[in-house]
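Worksheet for the structure shown next.
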Amino acid sequence: MRWTPFWRARPCRPQRPKRLAARSSECRHSEEVDSVRAFLIFVLAAGLASAAQLKPVNESNYASTISAAKGKVLLVNFWATYCVPCRKEMPELVALAQKYKARGFELLTITADEPEQFNDAVAFLDQHRVPAPAYAKQAKDDDKFITLVDPKWSGALPASFLYDRNGKKVRAFFGEVKIAELEAAIKKLL
Numbered sequence: 061m062r063w064t065p066f067w068r069a070r071p072c073r074p075q076r077p078k079r080l081a082a083r084s085s086e087c088r089h090s091e092e093v094d095s096v097r098a099f100l101i102f103v104l105a106a107g108l109a110s111a112a113q114l115k116p117v118n119e120s121n122y123a124s125t126i127s128a129a130k131g132k133v134l135l136v137n138f139w140a141t142y143c144v145p146c147r148k149e150m151p152e153l154v155a156l157a158q159k160y161k162a163r164g165f166e167l168l169t170i171t172a173d174e175p176e177q178f179n180d181a182v183a184f185l186d187q188h189r190v191p192a193p194a195y196a197k198q199a200k201d202d203d204k205f206i207t208l209v210d211p212k213w214s215g216a217l218p219a220s221f222l223y224d225r226n227g228k229k230v231r232a233f234f235g236e237v238k239i240a241e242l243e244a245a246i247k248k249l250l
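Our numbering puts the sequence shown at residues 61 to 250.
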């Protein structure tokens, strides 16, 4: 007996006796359509399962976003797809997140890309398996938002901010971070 996938509307039955197992052209066409349908369902399901979702972050919800991670050591990384140093350091940041996750460390990424580049940002996050949550900066007033994050920050990318388990900012890294220095700072807080 032939296996019939769940997405097939009706099984394709041979028109001739089993020993002459040739199929009609209608049946072959139906199988081709079903194969394409199965492929599209698979691609869609795989895409939905792996695609990062960018949540908006702005002046009004930045503090609550940070406090939601209370109890964990948190690294907030501001980046963008057009920023070469950002793209270069991301795999190392992800490796740190995986290495120290069990000890209570979390990486939170915030892209500074414009909405037109959000698809590129999501693709980059998926490609590098950046853990969720992922955010997109959608500030109404960039200067106010930047000052809220850190008054010493110019808004230049990349920028990373390390928070302790109580949600207090303990360190800021402007420009491409030196991973050994960052790792030492994380270890002190774990």
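Note that CB positions come from ideal geometry on N, CA and C, so glycine has one too.
Straight-line Cα distance separating residue j from residue i
i, j, result
"Q198", "P116", "6 Å"
"K212", "Y223", "16 Å"
"W139", "Q158", "19 Å"
"E174", "S124", "23 Å"
"N121", "S127", "10 Å"
"A192", "K248", "24 Å"
DSSP-derived helix/strand/coil call for residue i
i, result
"A219", "strand"
"S110", "Because S110 carries a pLDDT of 42, less than 50, the predicted location of this residue cannot be relied on, and no value is offered for it."
"V117", "strand"
"K148", "helix"
"Y195", "strand"
"E166", "strand"
"V237", "coil"
"V182", "helix"
"T141", "coil"
"K228", "coil"
"V136", "strand"
Proximity below 8 Å, CB of residue i to CB of residue j
i, j, result
"A165", "V133", "A quick correction: the sequence has Phe, not Ala, at residue 165. Result yes, Cβ atoms of F165 and V133 sit closer than 8 Å."
"A245", "R231", "yes"
"L217", "E119", "no"
"Y142", "I170", "no"
"L242", "F233", "yes"
Cβ neighbours of residue i in the same chain (closer than 8 Å, five flanking residues each side left out)
i, result
"K130", "R225, N226 and G227"
"L135", "L153, L156, A157, F165, E166, L167, L168, S220, F221, L222, Y223, L242 and I246"
"K148", "E236"
Own chain residues within Cβ distance below 6 Å of residue i, not counting five before or after
i, result
"G215", "I206"
"F184", "T141"
"M150", "H188"
Own chain residues within Cβ distance below 7 Å of residue i, not counting five before or after
i, result
"E152", "I239"
"Y259", "In the structure displayed, the chain extends from 61 to 250; residue 259 sits before or after that span and is not available."
Meets three-Cβ-pair contact criterion under 8 Å: the region 174 to 192 and the region 200 to 213: Counting Cβ pairs under 8 Å, fewer than three are found: no touch.
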